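**Student:** Submitted below is the structure of interest, expressed as structure tokens.
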Amino acid sequence: MSKTTLETTRRGLLTAAGGLAAAIAAPGLIGRAAAATQITVADPGGPFGPAFRKAFYDPFEKATGNKVVNVAREAEPTAQFKAMVETKSYIWDVCTLTLSARDILAKQGLLEPIGFGRNEAPKLMPEAISENWMGTDVYSTVFAYRTDRVKTPLNSWADFFDVEKFPGRRSMRKNPIDSLEQALLADGVPLDKLYPLDVERAFKKLNAIKPHIAVWWTGGAQTTQLLQSGEVDIITGWNARFQAAIDGGTPAKIVWNQGLYSIEGWSIPKGCPRADVARAFIKFCSDPERQAAITEGLAYGPTNLDAYKTIPAKRAEDLPTSPNNLKKMAIADENWWSANRAAVTERFNSWILS
Amino acid sequence: MSVASSSSTEGAAPLAPRSARVRLTATWLVAPGLAFLAVFFLYPVASLLFLSVTDPEGGGWSLRSFARIASTDVYLRVLGITFRVAGSTAVLSLLIGYPLAYWIASLSEAVRNRALLFVVVPFWTSYLVKTFAWMLILGRNGVINKLLMGAHVVDGPLPLLQNEFGVMVGMVHSMVPLAVITMLPVLTSIDRRLVSAAQTLGASPSHAFWMVYFKLSLPGVTAAGLLVFISSLGFFIVPAFLGGPQQTMLAQLIITQISELLNWSFAGALAVMMLATALAAFWIYDRVFGMSSISGGASVETDGKLRRVGIEALALLASASEALAAGARAVLGRRVTAGLLPAASWLIIAFLVLPTLLVIPIGFTSSEFLSFPPPGYSVRWFDTYFSSPLWIAATLRSFGVAFATALVSTVIGAAAAIALAGSRTRFGGAIFAFFLAPMIVPRVVIAVGMFYLFARLGLVATNTGLVIGHSVLALPFTVVTVTAILKTYDPRLDQAAATLGANRARTLAYVTVPIIRGGLVAAFLFAFITSFDELTIAIFISGGIATTLPKQMWDDMILQLNPTLAAVSTVVFVVVTALLLVAQRLRRTA
Chain V
1 MSKTTLETTR RGLLTAAGGL AAAIAAPGLI GRAAAATQIT VADPGGPFGP AFRKAFYDPF
61 EKATGNKVVN VAREAEPTAQ FKAMVETKSY IWDVCTLTLS ARDILAKQGL LEPIGFGRNE
121 APKLMPEAIS ENWMGTDVYS TVFAYRTDRV KTPLNSWADF FDVEKFPGRR SMRKNPIDSL
181 EQALLADGVP LDKLYPLDVE RAFKKLNAIK PHIAVWWTGG AQTTQLLQSG EVDIITGWNA
241 RFQAAIDGGT PAKIVWNQGL YSIEGWSIPK GCPRADVARA FIKFCSDPER QAAITEGLAY
301 GPTNLDAYKT IPAKRAEDLP TSPNNLKKMA IADENWWSAN RAAVTERFNS WILS
Chain A
1 MSVASSSSTE GAAPLAPRSA RVRLTATWLV APGLAFLAVF FLYPVASLLF LSVTDPEGGG
61 WSLRSFARIA STDVYLRVLG ITFRVAGSTA VLSLLIGYPL AYWIASLSEA VRNRALLFVV
121 VPFWTSYLVK TFAWMLILGR NGVINKLLMG AHVVDGPLPL LQNEFGVMVG MVHSMVPLAV
181 ITMLPVLTSI DRRLVSAAQT LGASPSHAFW MVYFKLSLPG VTAAGLLVFI SSLGFFIVPA
241 FLGGPQQTML AQLIITQISE LLNWSFAGAL AVMMLATALA AFWIYDRVFG MSSISGGASV
301 ETDGKLRRVG IEALALLASA SEALAAGARA VLGRRVTAGL LPAASWLIIA FLVLPTLLVI
361 PIGFTSSEFL SFPPPGYSVR WFDTYFSSPL WIAATLRSFG VAFATALVST VIGAAAAIAL
421 AGSRTRFGGA IFAFFLAPMI VPRVVIAVGM FYLFARLGLV ATNTGLVIGH SVLALPFTVV
481 TVTAILKTYD PRLDQAAATL GANRARTLAY VTVPIIRGGL VAAFLFAFIT SFDELTIAIF
541 ISGGIATTLP KQMWDDMILQ LNPTLAAVST VVFVVVTALL LVAQRLRRTA
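Protein chains in written order, with the UniProt record's numbering: chain V, 1 to 354; chain A, 1 to 590.
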């Protein structure tokens, strides 16, 4: 750890002030890093705060002597992230980003390298690490239905789109992301041949279900409420939102089959003055036992699959990356979306109004 | 004010220095507001909107973003929806708010203050919580549908949500208090003896109302209509949760571009389109309703033809309502018709307090969810709230920031309003529109622009930064409210004070301010609420470190909506009601 610290400190300073300055300043800087540094970590907030505190922050503080202050970030903090880097006011040192946010920010050169690769954490899922980001938890876009209202069990997106055979009030996300994939899966496109998406075919399939969608939801918290209150019977959304309703006593079932998963993880704003400690923190979070600890309170999947060695089998059933669930799903392709999102979103907005 | 204009027209040499000094004083009053908005609003927002004429891919001048808007009809349609929804909200809020305001204005002062407490109840429940309360009331398994189906009035659940009806309920509910409180200072300042005088002179009660009372109340009505319309333009949470796809609002699309797609050029172009259309709407409104009556002199007098049309319309309304009233009296009897207004007012008040009444029991639920009726009762969510230093700190900060915001924006806004009311500059309308602009520009645009400025000034994650940010948003409310009350203020009182030897400052302190006190209190209240319920600026400026109450609520909603929100709302409601009651008592004994 101290080796990476030294190296990165030197690299940063070399570009800034030249070798001599580095030689003079480096000991002082390292000294400060070794003494307690306080980093501010922006996590998704809500129940993540206490879960991450227990699994990541407190153990990291204990192991390194550095302090971790956590604050809640927005669902899509890209605008704040950009503003922070461009004005060099680093109020956050580490922040949770989704894959799409990571790609948007990386493209604009706003992310700092995390300083380690998969060879240093071999059991990490291959999609869960890149040059400037490391995944901490996997969430899955699936659908759920009320078992008290829908008598015949559903098992696929074709079932979700079959309103004759499976009657019930339905709800989908008011967003082309996931909705297009779901339509194509329902239309018979195999999970591994989804991308590049056949947009025409997807909208044609969506046309068929549009009159049967009672609610187009916009926020994740809304989906828990919709399912829990019985406002709808069958609804698309993120697994942990449904799990929250189920854990609270709602008679509902999650359909993992043909789910699309995605990953949230840590990144560091470009030019962050406390990047060394931030990197050490991120590396610390790749540990399987640390990751197993977050699943006690949150129904998100660890990215380090070794974590399942210590997760109880009963809990593993509810997690997206447990071997049994993971094999039914595929990862959403962010590359396709970052290239097509603007145009497809425009088309979707126009389609939903007509 | 009038002193300045009259003395300057005389042009006598000995008076010249004095008139110059007086004019300087009047200008000086609008200066703090203009400077404040120029630095903390115009500059940051303009630098962001400037991006709309740059190329999103790599800088340089480009009109590509505007070309993209023009290449499809979706943005124009959403703009149309936004204006339709805001327009209907304004009309409905006035139709519902006016009778209530009229009734409250007719009460004695002590009773009036108590009735007002009911009107402001919706203010003290966060709009996030209110929206979810409406979902519980209007939903398929909601309170109304359960009642109707239980009574066998309907067979299946009525579609009350995810349509225009749901959106109107949610929006009108948030906007009626705004309309009432804007109109009330004007209504209470109308001398009701004028109505009696008109009747003595032979006018029927309907004619006396419409031709005298209603006409005198118009400054309040136009101000309320404008405030409601313009604030409604920026709504997106209520339409997103209570409406369907047909109620998509432009603010939502702008937010997506800013925070999800990071295409600030296109977001800027959309914001420019919205701003331009809103300013055009303001200009038309000004023409039709004589809104410069708000920004400057009594312009109702200026346009002869329009004025005649207006008076004829009022006369027609008077005759129609006279026939209606006669019919109602014949059918219902005189005693019942006399009770109609109080009954309608109480019905409206019931509508206003309904979501809050629902939120209180939900706060005491034993369940993990916001559901009604609660399956059981407990104080666990109050426990969660009071034992969390995060929640308590956020609550205290919100109260402090809101108080400072209210103070700053009422002082600056009232000064600007007084200056504008006194001056007859032809820029009055433009300056007034400038003061309204923070309401029209989507908050996320202001927030992002502000962040860049505040980062340079070291104001990010500070309470000062929050107060400045919130004051920018609150200024339009304070300026409009104080302007409306000044319309009822007789400028000859200033002249009288001057004749008696008072200088401008003394006149302001001992004549103007005491007379327009009602308007100042309303302005203070609006500014307080604006800050207290504000989320977007708080998200950017606080960075999650200097957390306010709405930000803390928002964070808590990440995974699920747990009843802590309801518990917090209940605590805030109780605390604020207690504070207001104490304030009333103190004022009465003082």
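Beta carbons: idealized from backbone N, C-alpha and C, even for Gly. Quick caveat: nothing in here was measured; it's all calculated off a predicted structure.
Report the CB separation of Phe60(V) from Phe281(V) in whole angstroms; it is logged as a contact under 8 Å.
**Tutor:** Translated into positions along the first sequence, residue 60(V) becomes position 60. Translated into positions along the first sequence, residue 281(V) becomes position 281. Going by Cβ atoms, the distance from Phe60(V) to Phe281(V) rounds to 6 Å, so yes, they are a contact pair.
**Student:** Would you mind giving the Cβ-Cβ distance between Ala404(A) and Ile539(A), rounded to the nearest angstrom? I have them listed as a contact below 8 Å.
**Tutor:** By 1-based counting over the second sequence, the position of residue 404(A) is 404. By 1-based counting over the second sequence, the position of residue 539(A) is 539. Contact flag wrong, Cβ pair sits at about 19 Å.
**Student:** Report the CB separation of Leu148(A) from Leu158(A) in whole angstroms; it is logged as a contact under 8 Å.
**Tutor:** Counted from its first residue, the second sequence places residue 148(A) at position 148. Counted from its first residue, the second sequence places residue 158(A) at position 158. At roughly 7 Å, the Cβ-Cβ gap stays under 8 Å, so Leu148(A) and Leu158(A) are in contact.
**Student:** Quick one: what's residue 362(V) bridged to in DSSP?
**Tutor:** Here chain V covers residues 1 to 354 and nothing more, so residue 362(V) does not appear.
**Student:** Is it buried or exposed, Pro27(V), if we count other Cβ atoms within 10 angstroms and call 16 or more buried?
**Tutor:** Here residue 27(V) is taken as the residue at index 27 of the first sequence, counted from 1. Because the pLDDT at Pro27(V) is just 43, under 50, the model does not fix this residue reliably, and the value given afterwards should be weighed accordingly. By the 10 Å Cβ count, Pro27(V) comes out exposed.
**Student:** In angstroms with no decimal places, state the Cα-to-Cα distance between Asn349(V) and Ala128(V).
**Tutor:** Residue 349(V) sits at position 349 when you count from the first residue of the first sequence. Residue 128(V) sits at position 128 when you count from the first residue of the first sequence. Cα to Cα, the separation comes out at about 31 Å.
**Student:** Quick one: grab the DSSP three-state call for Ser299(A).
**Tutor:** Taking the first residue of the second sequence as 1, we reach residue 299(A) at position 299. Low local confidence applies: a pLDDT of 44 at Ser299(A) is under 50, so the model's placement there is unreliable, with the coordinate-based value given in what follows. Of the three classes helix, strand and coil, the one that applies to Ser299(A) here is helix, per DSSP.
**Student:** Rounded to the nearest angstrom, what separates residue 599(A) and Lys174(V) at their Cα positions?
**Tutor:** Since the first residue of chain A shown is 1 and the last is 590, residue 599(A) is not available in this structure.
**Student:** My parser needs the alpha helix (DSSP H) runs of 4 or more residues fully inside the stretch 314-372 of chain A; what are they?
**Tutor:** Counting only runs of 4 or more, we get 334-363.
**Student:** DSSP state of Arg173(V), grouped into three classes?
**Tutor:** Your numbering for residue 173(V) matches position 173 in the first sequence. Arg173(V): strand per DSSP, three-state reduction.
**Student:** From the DSSP output, in three-state form, read off Arg73(V) for me.
**Tutor:** Start at 1 with the first residue of the first sequence, and residue 73(V) comes out as number 73. Coil.
**Student:** Which chain V residues sit within Cβ distance under 8 Å of Leu261(A)?
**Tutor:** As a working note, residue 261(A) is residue 261 in the second sequence. Those within 8 Å of Leu261(A) in chain V are Ile104, Arg341, Ala342 and Thr345.
**Student:** Counting pairs of beta carbons, one from the stretch 189-207 of chain A and one from the stretch 494-507 of chain A, are three or more of them closer than 8 Å?
**Tutor:** No, the stretch 189-207 of chain A does not touch the stretch 494-507 of chain A.
**Student:** Asn349(V) CB to nearest chain A CB: under 8 Å?
**Tutor:** Numbered from its first residue, the first sequence carries residue 349(V) at position 349. Cβ-Cβ to chain A under 8 Å: yes for Asn349(V).
**Student:** Quick one: give me the first and last residue of the alpha helix (DSSP H) that Pro219(A) is part of.
**Tutor:** As a working mapping, residue 219(A) is identified with position 219 in the second sequence. Per DSSP, Pro219(A) belongs to the alpha helix (DSSP H) from Lys215 to Leu233.
**Student:** Cα-Cα, which of Arg456(A), Leu565(A) and Arg517(A) is closest to Met84(V)?
**Tutor:** In the first sequence, residue 84(V) corresponds to position 84, counting from 1. Of the listed residues, the one whose Cα sits closest to Met84(V) is Arg456(A).
**Student:** By the 10 Å Cβ neighbour count, where 16 or more other Cβ atoms means buried, how is Tyr385(A) classified, buried or exposed?
**Tutor:** The sequence position of residue 385(A) within the second sequence is 385, counting from 1. Classification for Tyr385(A): buried.
**Student:** Return the CA-CA distance between Val472(A) and Leu453(A), expressed in angstroms with no decimal places.
**Tutor:** Taking the second sequence and counting its residues from 1, the one referred to as residue 472(A) is at position 472. Taking the second sequence and counting its residues from 1, the one referred to as residue 453(A) is at position 453. In a straight line, the C-alpha of Val472(A) is about 14 Å away from that of Leu453(A).
**Student:** To the nearest angstrom, how far is the alpha carbon of Ala497(A) from that of Val511(A)?
**Tutor:** Here the question's residue 497(A) lines up with position 497 in the second sequence. Here the question's residue 511(A) lines up with position 511 in the second sequence. Going by the C-alpha atoms only, they are around 8 Å apart.
**Student:** Does the pairing of the stretch 121-141 of chain V with the stretch 270-288 of chain V give three or more beta-carbon distances under 8 Å?
**Tutor:** With a cut-off of 8 Å, the stretch 270-288 of chain V and the stretch 121-141 of chain V count as touching, because enough Cβ pairs lie within range.
**Student:** Helix, strand or coil: how does DSSP classify Thr96(V) here?
**Tutor:** Along the first sequence, one-based indexing puts residue 96(V) at 96. In this structure, Thr96(V) counts as strand in the three-state DSSP scheme.
**Student:** Is Ile235(V) closer than 8 Å to Phe143(V) when the C-beta atoms are compared?
**Tutor:** Position 143 of the first sequence, counting from 1, holds the residue named residue 143(V). Position 235 of the first sequence, counting from 1, holds the residue named residue 235(V). Going by C-beta atoms, Phe143(V) is nearer than 8 Å to Ile235(V).
**Student:** Going by Cα to Cα distance, which pick from Leu275(A), Ser232(A), Gly234(A) and Arg140(A) is closest to Val215(V)?
**Tutor:** As a position in the first sequence, residue 215(V) is number 215, starting the count at 1. Considering only alpha carbons, the answer is Arg140(A).
**Student:** When you compare each of Leu161(A), Val479(A), Asn263(A) and Thr89(A) to Pro177(A) by their alpha carbons, which one comes out closest?
**Tutor:** If you number the second sequence from 1, residue 177(A) lands on position 177. Checking every option, the nearest Cα to that of Pro177(A) belongs to Thr89(A).
**Student:** Quick one, which residues of the stretch 217-251 of chain A are near chain V if we go by CB-CB under 8 Å, in chain order?
**Tutor:** Listed by position, the residues of the stretch 217-251 of chain A near chain V (Cβ gap below 8 Å) are Ala240, Phe241, Gly244, Pro245, Gln246 and Thr248.
**Student:** Among Ala474(A), Phe364(A) and Thr507(A), which one has its Cα closest to the Cα of Met439(A)?
**Tutor:** As a working note, residue 439(A) is residue 439 in the second sequence. Of the candidates Ala474(A), Phe364(A) and Thr507(A), the one whose C-alpha sits nearest the C-alpha of Met439(A) is Ala474(A).
**Student:** Which residues does DSSP list as the beta-bridge partners of Pro269(V)?
**Tutor:** Translated into positions along the first sequence, residue 269(V) becomes position 269. The partner list for Pro269(V) (beta bridge, DSSP) reads Leu111(V).
**Student:** For the stretch 215-227 of chain V, which residues have a CB atom closer than 7 Å to at least one CB atom of chain A, in sequence order?
**Tutor:** So the list reads Val215, Trp216, Thr218, Ala221, Gln222, Thr224 and Gln225, given in the order they occur along the chain.
**Student:** For a cutoff of 8 Å on Cβ pairs, would you count Ser267(V) as touching chain A?
**Tutor:** Taking the first residue of the first sequence as position 1, residue 267(V) is located at position 267. Cβ-Cβ to chain A under 8 Å: no for Ser267(V).
**Student:** Using a beta-carbon distance cut-off of less than 9 Å, what residues from the stretch 138-169 of chain A approach chain V?
**Tutor:** For the stretch 138-169 of chain A, which is checked against every Cβ of chain V, the residues closer than 9 Å are Gly139, Arg140, Asn141, Gly142, Pro159, Leu161 and Gln162.
**Student:** Going by DSSP in three states, Lys253(V) sits in which element: helix, strand or coil?
**Tutor:** Along the first sequence, one-based indexing puts residue 253(V) at 253. If DSSP states are grouped into helix, strand and coil, Lys253(V) belongs with the strands.
**Student:** Are any of the Cβ atoms in chain V nearer than 8 Å to that of Leu561(A)?
**Tutor:** Reading the second sequence from its first residue, position 561 is the one you call residue 561(A). Yes, its Cβ sits closer than 8 Å to a Cβ of chain V.
**Student:** Name the residue from Gly518(A), Gly150(A) and Ser174(A) whose alpha carbon lies nearest to the alpha carbon of Val120(A).
**Tutor:** Here residue 120(A) is taken as the residue at index 120 of the second sequence, counted from 1. Of the candidates Gly518(A), Gly150(A) and Ser174(A), the one whose C-alpha sits nearest the C-alpha of Val120(A) is Ser174(A).
**Student:** Rounding to the nearest angstrom, what Cα-Cα distance links Glu334(V) and Leu180(V) in this structure?
**Tutor:** One-based indexing of the first sequence puts residue 334(V) at position 334. One-based indexing of the first sequence puts residue 180(V) at position 180. When rounded, the distance between both Cα atoms is 13 Å.
**Student:** Determine whether the Cβ of Met211(A) lies closer than 8 Å to any Cβ atom of chain D.
**Tutor:** Note that chain D does not occur in the displayed structure, where the protein chains are V and A.
**Student:** If you follow the alpha helix (DSSP H) that Ala505(A) is part of, which residue opens it and which one closes it?
**Tutor:** The residue labelled residue 505(A) in the question sits at position 505 within the second sequence. Here the alpha helix (DSSP H) through Ala505(A) covers Arg504 to Thr507.
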